[in-house]
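A.B. asks: Counting from 1, one number per residue, gives the positions in the sequence shown under UniProt numbering.
In this text, a Cβ means the ideal position worked out from N, Cα and C, and glycines have one as well.
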Amino acid sequence: MGGNSPCASCKLLRRRCAKDCTFAPYFPSHEPQKFAIVHKVFGASNVSKMLQELPIHQRADAVSSLVYEANARLLKQKYFASKCKMNK
């Protein structure tokens, strides 16, 4: 947790950001969309479990991969939804 500002996940989930918050180092408060996308696709609980199973030195890369994958899934979903509307 940086200063008094809760991380993006705690802000979105409306909970107090603890000193040992799993998400704080990877989802800073100034990037709320980053956590929102990952939460929408994977769920906060699943992301928390994944991060806790990894060694600390691999977590930043894992978060980058999760953000990339979540963005790709949402873009793919939007693309196919618009394509289906065009074919009707």
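1) For residue 139, report the span of its alpha helix (DSSP H) as first-last.
2) Return yes when the Cβ of Ser64 is within less than 8 angstroms of the Cβ of Phe35, no when it is not.
3) Whole angstroms is fine: what's the gap from Ser45's alpha carbon to Pro32's?
4) Helix, strand or coil for Lys40 per DSSP?
5) So, is Glu53 buried or exposed, given that buried needs 16 or more other C-beta atoms within 10 angstroms?
6) List the endpoints of the continuous alpha helix (DSSP H) containing Ser9.
7) Is it buried or exposed, Leu66, if we count other Cβ atoms within 10 angstroms and call 16 or more buried?
C.D. replies: So, from the data block:
1) A query on residue 139 cannot be resolved here, the shown segment of the chain reaching from 1 to 88 and no further.
2) no
3) 17 angstroms
4) It is helical.
5) exposed
6) That run of the alpha helix (DSSP H) goes Ala8 to Leu13.
7) buried
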